[in-house]
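Counted from 1, the sequence shown has number 31 at position 32 by numbering that gives the first Met the number 0; the numbering is strictly sequential.
By construction, the Cβ of each residue, glycine as well, lies at the ideal position given by its N, Cα and C atoms.
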Amino acid sequence: MFDAKIRPLIDPVLNAQGARLAALGVTANQITLLGLALGLLSAALIACGAVGWALLPLLASRLADGLDGAVARAGRPSDFGGYLDIVCDFVFYGAVPLAFVALAPAANGLAGAFLLCSFYANGASFLGYAVLAEKREMKTRARGVKTLYFTGGLLEGAETIGFFVLLCCLPGSFVPLAYAFGTLCFLTALSRVLLAAKVFGD
């Protein structure tokens with residue numbers, strides 16, 4: 000919901016830093032994999048009970064997720080780079096809820112499963128829409144220059160990062176927060192399906 004509004008504010012800073020990194024020989028794929036490693040470190044810290052400490056690598060991983068595209072734009076963007084980026088994003092998004100389940104399986108298990116199912120539904124609606132948009136040669140730059148077609152929605156990247164930060168700050172409230180966010184994810188997926196029916200239902 001907020002991604003399109005945030006991009007014009009953060010893109011100039013990210014592009015400037017991305018150009019500097021590219022000039023040093025750093026590649027976008029290296030930044031992407033670093034971001035994944037930091038995200039998985041954050042998940043490992045959560046699972047081990049160091050939830051507060053997990054915030055630092057979590058936020059650093061999302062900074063890397065923004066920088067990889069800026070580095071690619073300063074150098075040579077590639078389809079594989081965009082593919083690797085979305086795969087790493089989905090692994091990260093799944094690892095954090097899984098970590099909270101590992102932290103307290105009995106208390107968090109069902110809510111964590113509900114949350115992961117909602118991510119699965121939302122991700123499927125997003126990727127399916129992107130495939131059909133590519134087939135019809137649709138273009139958008141509302142959320143920056145992307146390899147895939149990014150549709151808007153109630154919940155997007157900014158909201159998910161904010162949710163993960165909230166979970167780290169309030170780990171004892173994982174269950175109600177997971178059910179609330181998961182419900183909003185399902186609503187986002189439903190809205191995207193309805194949009195697809197309108198745009199592609201010919």
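May I have the straight-line CA-CA distance separating residue i from residue j, to the nearest angstrom?
i	j	result
Arg75	Ala22	12 angstroms
Cys168	Leu33	24 angstroms
Gly127	Gly17	30 angstroms
Ser204	Lys197	The structure shown does not extend to residue 204, since the chain is modelled only from 0 through 201, so no value can be given for it.
Val130	Ala195	11 angstroms
Arg19	Gly38	23 angstroms
Val98	Ala46	The amino acid occupying residue 98 in the given sequence is Ala; Val does not appear at that position. The alpha-carbon atoms of Ala98 and Ala46 are separated by roughly 5 angstroms.
Leu66	Asp201	38 angstroms
Ala177	Thr187	15 angstroms
Phe113	Asn107	10 angstroms
Leu189	Ala123	11 angstroms
Asn28	Gly80	6 angstroms
Val12	Ala63	13 angstroms
Arg135	Ala43	41 angstroms
Ala103	Ala73	43 angstroms
Leu115	Gly93	7 angstroms
Gly156	Ala105	29 angstroms
Tyr82	Ile160	20 angstroms
I believe residue i touches residue j by the beta-carbon criterion, under 8 angstroms. Please report the beta-carbon distance rounded to the nearest angstrom.
i	j	result
Phe91	Ser60	6 angstroms
Pro170	Val50	5 angstroms
Val174	Ala110	4 angstroms
Val192	Leu54	That pair is no contact at about 34 angstroms.
Query - Whole runs of the alpha helix (DSSP H) within the stretch 65-108, excluding any shorter than 4 residues - result: Note on the stretch 65-108: whole alpha helix (DSSP H) runs with a minimum of 4 residues are 78-102, in chain order.
Query raised in the report: For the 8 angstroms Cβ check, are there 3 or more pairs between the stretch 176-190 and the stretch 82-95?
Result: Contact fails: fewer than three Cβ-Cβ distances are below 8 angstroms.
Requested in this report: Enumerate, from N- to C-terminal direction, the unbroken beta strand (DSSP E) stretches of 3 or more residues contained entirely within the stretch 154-196.
Outcome: Along the length of the stretch 154-196, whole beta strand (DSSP E) runs at least 3 residues long do not occur.
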